[in-house]
Amino acid sequence: MSQSLAVHLDGVTKRFPGVVANDDVDLRVEEGTVHALLGENGAGKTTLMNVLYGLYQPEEGTVSVHGEPRDFDSPRDAIDAGVGMIHQHFMLVDTMTVAENIVLGQEPRKWAGLAVDREQAVQEVRELSERYGFDVDPTATVDDISVGEQQRVEILKALYRGADVLILDEPTAVLTPQEVEELFDVFEELTESGKTIIFISHKLDEAMAAADDITVLRDGKNVGTVDADTATREELAEFMVGREVLLEVEKESVAPGAPVLTVEDLTVDDDRGIEAVSDVDFDVRSGEVFGIAGVDGNGQSELVETITGLRHAREGEVALHGESIDRLSRRERIDAGIAYIPEDRQERGLVMDFDLVENATLGSQHGVFERSGRIDWDGVRGHAEDVIDEYDVRPANADADAKALSGGNQQKFIVGREFERDPDLVVAVHPTRGVDVGSIEFIHDRLLELRAEGKAVLLVSSKLDEVQQLSDRLGVVHDGEFMDVVDPDDVTEEELGLLMAGERADTPSMPAIAGAAGAEAEGDTGGVER
Numbered sequence: 002m003s004q005s006l007a008v009h010l011d012g013v014t015k016r017f018p019g020v021v022a023n024d025d026v027d028l029r030v031e032e033g034t035v036h037a038l039l040g041e042n043g044a045g046k047t048t049l050m051n052v053l054y055g056l057y058q059p060e061e062g063t064v065s066v067h068g069e070p071r072d073f074d075s076p077r078d079a080i081d082a083g084v085g086m087i088h089q090h091f092m093l094v095d096t097m098t099v100a101e102n103i104v105l106g107q108e109p110r111k112w113a114g115l116a117v118d119r120e121q122a123v124q125e126v127r128e129l130s131e132r133y134g135f136d137v138d139p140t141a142t143v144d145d146i147s148v149g150e151q152q153r154v155e156i157l158k159a160l161y162r163g164a165d166v167l168i169l170d171e172p173t174a175v176l177t178p179q180e181v182e183e184l185f186d187v188f189e190e191l192t193e194s195g196k197t198i199i200f201i202s203h204k205l206d207e208a209m210a211a212a213d214d215i216t217v218l219r220d221g222k223n224v225g226t227v228d229a230d231t232a233t234r235e236e237l238a239e240f241m242v243g244r245e246v247l248l249e250v251e252k253e254s255v256a257p258g259a260p261v262l263t264v265e266d267l268t269v270d271d272d273r274g275i276e277a278v279s280d281v282d283f284d285v286r287s288g289e290v291f292g293i294a295g296v297d298g299n300g301q302s303e304l305v306e307t308i309t310g311l312r313h314a315r316e317g318e319v320a321l322h323g324e325s326i327d328r329l330s331r332r333e334r335i336d337a338g339i340a341y342i343p344e345d346r347q348e349r350g351l352v353m354d355f356d357l358v359e360n361a362t363l364g365s366q367h368g369v370f371e372r373s374g375r376i377d378w379d380g381v382r383g384h385a386e387d388v389i390d391e392y393d394v395r396p397a398n399a400d401a402d403a404k405a406l407s408g409g410n411q412q413k414f415i416v417g418r419e420f421e422r423d424p425d426l427v428v429a430v431h432p433t434r435g436v437d438v439g440s441i442e443f444i445h446d447r448l449l450e451l452r453a454e455g456k457a458v459l460l461v462s463s464k465l466d467e468v469q470q471l472s473d474r475l476g477v478v479h480d481g482e483f484m485d486v487v488d489p490d491d492v493t494e495e496e497l498g499l500l501m502a503g504e505r506a507d508t509p510s511m512p513a514i515a516g517a518a519g520a521e522a523e524g525d526t527g528g529v530e531r
């Protein structure tokens, strides 16, 4: 392993009003290695990488790249120095081709610079792709390729601009297990060619599998760098949280009751009028977690929006406690006992310019917190402060705007607000996305408490370990259909990955809901009829 440093951050301190995001941080990343950056939400990981990428300028400390001190005023300066960053949310133009996205802003020219040389662009991108062993078609439209391929396009875009150091923010968040393995193969190809990888992750197993070294941040400080080959999950989790963390879900046996949610023959179109959910049937019973696993974009959003009242179905019925709710509004469904953790916390879960007190009222302003036609703001404030305290939302300031919180803390606030509604049905979509390991443990425990209290939980997640450990039954969705409904204890991650990719595997299916009522008396777990 090379001893030369690709990156050296020495004594970096970055402050925001009332917050020290990075506190005298030292980070050393060796050339030609993969370096993982772990930490709780608000620990300062992304801020530190934004300093390296020139998005932020530190108040104190120095940034050196390949041994040369740098003073980046913008990402352009960082790119010129060979630093590229691939963000969690890809920055691609869906209607453009792979080649057009990669060369955008640096297009090869012809006719004395008057026109873009598209053939040259395709050739250059093809050669770059082949050099690093990427299987990417330069002529394909981005909208037509998989999420894993889109991520490779982002990496190629950085390489095209001369990046030697690549920063990836939560790079596995929306990938199937097979795509994660392929990404790690890409890491190996890149480091063998001399590139250096820094990736932010909250997934301990992936950091240990993919990285050479792992640095843990806690409360803005570097609490240690360890060799990934000798690190343990328990050691890393304790570094991150400052206490021992229970990493495995302990799920007690609970006998499910009557169906709370019933979905029958449901067909739903997306915003373009194209069928996104195709003739789906399932139920979720009291005292049960019904999980849905699948790659994002396979109909989960449209299904959930129909259940929660944000979208109308083309055909089929959604019922709560046996009564149709198809004609109920979103507000009426909340009043009927449906809590909802949306997949997009900023678009659907919060009003970013509202403070946390105002955000605490959302969905309850016409009921729980209404007094004589007016909002009881004292009651709302007390509720907001309880959620902040119980769910460890940072900063612990009810007057802080939602936009001032990190993504993980925004998520914790939404989870707390929805769980505290005392719902009959919780629809939880990616409830721990972007949340640190300590908060994941807390949210998982709370979901299982709701299950033990007889609540019904519909859990949609792209994290296979999450849906496998928490679910009593697990439906795997691909292209708007359930490929199968399986017993999560009897199916492997590889088999789930194949189902998520649309390949039917020889997995132990669950019995159909047509026999659920009769099977319930015999202790059967029910299933989905297709």
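Residue numbers (our numbering): 2 to 531.
Built from N, CA and C at the ideal position, the CB exists for glycine as well.
Residue closest to residue i, alpha-carbon to alpha-carbon, out of the options
i: T177; options: V487, L160, D466, S287; result: D466
i: S440; options: D423, V278, V305, H203; result: H203
i: D11; options: L38, R328, G68; result: G68
i: I275; options: N299, D25, F291; result: N299
i: A212; options: E265, L184, E235, R219; result: L184
i: V492; options: D228, Q469, M501; result: Q469
i: V281; options: E289, V296, V305, R273; result: V305
i: I532; options: A141, E316, F240; result: No answer is possible for residue 532: the residues shown for the chain start at 2 and end at 531.
i: S254; options: L449, V8, I326; result: L449
i: F443; options: V187, D72, E324, E249; result: E249
i: R434; options: G368, E41, R162; result: E41
i: V358; options: E348, R349, F370; result: F370
i: D620; options: H367, R372, V352; result: Outside the displayed range of the chain (2 to 531) lies residue 620, so it cannot be described from this structure.
i: D354; options: L406, M50, D72; result: L406
i: R234; options: E207, D271, E189, I389; result: E207
i: V20; options: T48, R312, G149; result: T48
Residue i and residue j closer than 8 angstroms at C-beta
i: I201; j: D170; result: yes
i: R395; j: N410; result: yes
i: E61; j: T98; result: no
i: Q152; j: P172; result: yes
i: L157; j: V126; result: yes
i: S462; j: G338; result: no
i: S287; j: A259; result: yes
i: V30; j: I168; result: no
i: L497; j: A294; result: yes
i: V430; j: P489; result: no
i: T231; j: T34; result: no
i: E403; j: V352; result: Looking at the sequence itself, residue 403 is Ala, so the reference to Glu does not match. A contact, by the Cβ cut-off of 8 angstroms.
Residue span of the beta strand (DSSP E) that contains residue i, given as start and end
i: F291; result: 289-294
i: G476; result: 474-479
i: P260; result: 260-270
Cα-Cα separation between residue i and residue j, rounded to whole angstroms
i: V224; j: K196; result: 26 angstroms
i: A515; j: F483; result: Unreliable positioning characterises A515 in this predicted model, as indicated by a pLDDT of 34, which lies under 50. The coordinate reading is nonetheless provided below. If you take the alpha carbons of A515 and F483, they lie about 16 angstroms apart.
i: D525; j: D284; result: In this prediction, D525 scores a pLDDT of 39, lower than 50, which makes its location untrustworthy; the coordinate-derived value is nonetheless stated afterwards. Cα-Cα distance, rounded: 14 angstroms.
i: A399; j: D393; result: 12 angstroms
i: T1; j: H36; result: The first residue shown for the chain is 2 and the last is 531, placing residue 1 beyond what the model contains.
i: P18; j: Q58; result: 15 angstroms
i: E521; j: T263; result: Caution is warranted here: a pLDDT of 37 is assigned to E521, below 50, making its placement in the model unreliable, and no coordinate value can be reported.
i: T508; j: S147; result: Annotation note: pLDDT 48 at T508 (below 50); position unreliable, no value reported.
i: E32; j: D220; result: 27 angstroms
i: L471; j: E318; result: 27 angstroms
i: L6; j: E265; result: 59 angstroms
i: E182; j: Q89; result: 18 angstroms
i: E316; j: S279; result: 9 angstroms
i: L39; j: D144; result: 31 angstroms
i: D95; j: V154; result: 12 angstroms
i: W112; j: D118; result: 9 angstroms
i: R16; j: V269; result: 47 angstroms
i: V529; j: S194; result: Unreliable placement is indicated for V529, whose pLDDT of 33 sits below 50; the coordinate value is still reported in the next sentence. Computed Cα separation, rounded: 49 angstroms.
i: D356; j: S373; result: 24 angstroms
i: E180; j: E101; result: 23 angstroms
i: E454; j: P424; result: 11 angstroms
i: E128; j: Y161; result: 11 angstroms
i: G417; j: V8; result: 39 angstroms
Segment limits, alpha helix (DSSP H) that includes residue i
i: G408; result: 408-420
i: D379; result: 378-391
i: K46; result: 46-53
Presumed contact (8 angstroms Cβ cut-off) between residue i and residue j, rounded CB distance
i: V261; j: A457; result: 4 angstroms
i: S75; j: G55; result: 5 angstroms
i: A277; j: E303; result: 4 angstroms
i: M241; j: V438; result: 6 angstroms
i: L53; j: A22; result: No, L53 and A22 are not in contact; Cβ-Cβ is about 13 angstroms, not under 8 angstroms.
i: Q412; j: R346; result: 5 angstroms
i: T612; j: R334; result: Since the displayed the chain opens at 2 and closes at 531, residue 612 lies outside it and no answer follows.
i: L500; j: V477; result: 4 angstroms
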